[in-house]
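For the sequence shown, my numbering gives the first residue as 3, with consecutive numbering after it. Each remark here refers to the structure printed beneath this line.
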Amino acid sequence: MTQTSNRVRTLAPGGDDGWAIFHRARAMRAAGVSLADLTVGDHDIGTDPAILTAMDAAARGGHTGYAAIAGTDGLRDAIAARVSTRTGVATTRDNVLVTTGGQAALFAAAMACIDPGGRILFPDPYYATYPGTVRAAGGTPVPVPTRPEDGFQPRRAALEAAGPADALLINTPSNPTGAVYDADTMDQIAQFATANDAWLISDEVYDTQVWSGTHVSPRALPGMAERCFVVGSMSKSHAMTGSRIGWLIGPEAAIADLIVLVTHTTYGVPGFIQDAAEFALSRGDAFEAAIAAPFLARRDACLAVLAEQSVVGVIPSGGAMYLMLDIRATGMSAFDFAAHLLEAHHIAVMPGDSFGKAAAGHLRVALTQPEERLIPALTTILSVAKEMAA
Ligand code: PLP
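Put into structure tokens, the structure is as follows:
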């Protein structure tokens, strides 16, 4: 039989892409089982009706043909203005590539940074698509361990120990850990990238969800704009996950090269989605803050419950829509614990190992249910952990 390429067959080695619990939960839901789904980072609200109205008007107004491949001028300008304002780095439309979600921006960045065999380092735990994205671009993914004791902030010594780096891919606020890299960590990262003459890819899709600390975009650090790509997305900031709209910011020459890549892959984002995105960005900070606010309230409610017990630990979460729970005291693997929770209690969470070896013994809980469902689910998780640890 004709075989698919080695490249696509090995995107998820061993056939285990870490999503077994998620797929099982989806199957149970499809079979009519009611469960608390705390697996993926999809909001419990839909896209705002005003954005949908703008989308509808754009489509009915005729923006249904092939759209500008790099992004419409209006959207690229709106993104550039946003990045300039938020980071203080002068950014124009020539620094902006509009992509089908942050995921396509990650892939474009990886393609831009390496030739076949190139090494892209990223802190472990990491967003689950990173290794496959690097492999899809022909590269070698190199997870760099971080430690719960350090709040999962990467340390320079671990980066140095990982061997040669063509690029370093970071994500702050972090999925899955909620870590917000502090200024010192970011300086170390910038120094490492510079010393290795490596690209830095900064995945900032959670930049509107910062609960403590300050979000630092490394592109704003001295000398970094020329070696930095920034991944952005409207999935989390505007509850537009299904619209598949994001962007990549980078040096002008690199963006020009990547427009050619887009021509040969997605051929751009639908025009009516781009118009809706431009409208969504025009709604400003208050609109984005309102979308982010429930996650802070839910995090705080969960932390209050967690503070009343000592079996399950929690990684200090400075941002993003997740909590990382340390269940090592149960002696169970995260997968076994999550599988038991799902089958016996109809609560779906992600085993930490789905996000790398460093997150073994942890569960990632997405704060994507209202408190009246989230808190009882957490209470059940805690009582199961207590029972298992006894
Ligand atoms: N980066 C991180 C860290 C994420 O958590 C996600 C989605 O969950 C993405 C990138 C991709 O988001 P999207 O493609 O929906 O913009």
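Using N, Cα and C, we set each Cβ at its ideal position, and we do this for glycine too.
Nearest-angstrom Cβ-Cβ length linking residue i and residue j, presumed shorter than 8 Å
i      : j      : result
Met107 : Trp249 : One point to set straight first is that residue 107 is Ala, not Met, in the sequence displayed. With a Cβ gap of about 6 Å, Ala107 and Trp249 count as contacting.
Ala192 : Leu223 : 5 Å
Pro127 : Gly358 : 4 Å
Ser385 : Gly20  : With a Cβ gap of about 26 Å, Ser385 and Gly20 do not count as contacting.
Gly215 : Gly320 : 5 Å
Asp205 : Tyr269 : With 8 Å as the limit, Asp205 and Tyr269 do not qualify as a contact, their Cβ atoms being about 24 Å apart.
Phe194 : Leu161 : 5 Å
Asp168 : Ile122 : 7 Å
Val207 : Gly120 : Not really, about 23 Å apart at Cβ, beyond 8 Å.
Thr196 : Gly165 : Their Cβ separation, rounded to whole angstroms, is 17 Å, which puts Thr196 and Gly165 out of contact at 8 Å.
Val367 : Leu327 : 6 Å
Gln211 : Ala294 : 5 Å
Ala80  : Ile261 : In fact, because the Cβ distance is near 18 Å, the residues do not count as touching under 8 Å.
Met242 : Pro220 : That pair is no contact at about 25 Å.
Unbroken beta strand (DSSP E) run spanning residue i, endpoints
i      : result
Phe231 : Cys230 to Ser235
Val307 : Unbroken run through Val307 is the alpha helix (DSSP H), Gly286 to Leu308; no beta strand (DSSP E).
Tyr132 : Run containing Tyr132: none in the beta strand (DSSP E); it sits in the alpha helix (DSSP H), Tyr132 to Ala138.
Met326 : Tyr324 to Asp328
Rounded straight-line distance, which links the Cα of residue j to that of residue i
i      : j      : result
Pro150 : Met352 : 17 Å
Asn8   : Asp152 : 37 Å
Gly113 : Asp46  : A small fix is needed here, since residue 113 is Met in this sequence, not Gly. If I take the Cα positions, the gap works out to 33 Å.
Glu254 : Gly134 : 27 Å
Gln371 : Ala38  : 8 Å
Thr94  : Leu77  : 11 Å
Thr381 : Glu374 : 11 Å
Ala379 : His217 : 30 Å
Leu305 : Val98  : 38 Å
Pro178 : Ala14  : 19 Å
Val42  : Ala52  : 25 Å
Ala138 : Ala110 : 10 Å
Met323 : Leu369 : 6 Å
Thr148 : Gln155 : 6 Å
Val264 : Ala256 : 12 Å
Arg246 : Thr49  : 12 Å
Ala92  : Arg84  : 10 Å
Pro318 : Gly363 : 16 Å
Glu228 : Asp259 : 15 Å
Per-residue DSSP class, three states only, for residue i
i      : result
Ser356 : helix
Thr6   : coil
Met30  : helix
Asp394 : The displayed coordinates of the chain run from 3 to 392. Any statement about residue 394 would go beyond what the structure contains.
Ser239 : helix
His266 : coil
Leu99  : strand
His364 : strand
Ile53  : helix
Phe124 : strand
Ile251 : strand
Val386 : helix
Gly321 : strand
Ile71  : coil
Ile349 : strand
Gly273 : helix
Gly244 : helix
Start-to-end residues for the alpha helix (DSSP H) that takes in residue i
i      : result
Thr142 : Element bounds for Thr142: not the alpha helix (DSSP H) but the beta strand (DSSP E), Thr142 to Pro147.
Gly104 : Gly103 to Cys115
Gly76  : Asp75 to Thr89
Ile172 : Careful: Ile172 lies outside any alpha helix (DSSP H), inside the beta strand (DSSP E) at Ala169 to Asn173.
Ser204 : Not the alpha helix (DSSP H): Ser204 falls in the beta strand (DSSP E), residues Trp201 to Asp205.
Leu161 : Arg158 to Ala163
Thr187 : Ala185 to Ala197
Any non-hydrogen atom of the ligand SAH within 6 Å of residue i CB
i      : result
Tyr132 : The ligand SAH is not part of the structure shown, which contains the ligand PLP as its ligands.
Counting pairs of beta carbons, one from the region 270-277 and one from the region 87-97, are three or more of them closer than 8 Å? no
So does the region 53-66 actually touch the region 273-292, counting three or more Cβ pairs closer than 8 Å? yes
Is there contact between the region 66-75 and the region 283-291, where contact requires at least three CB pairs shorter than 8 Å? no
Decide if the region 293-311 is in contact with the region 335-343; the criterion is three or more beta carbon pairs, one per stretch, under 8 Å apart. no
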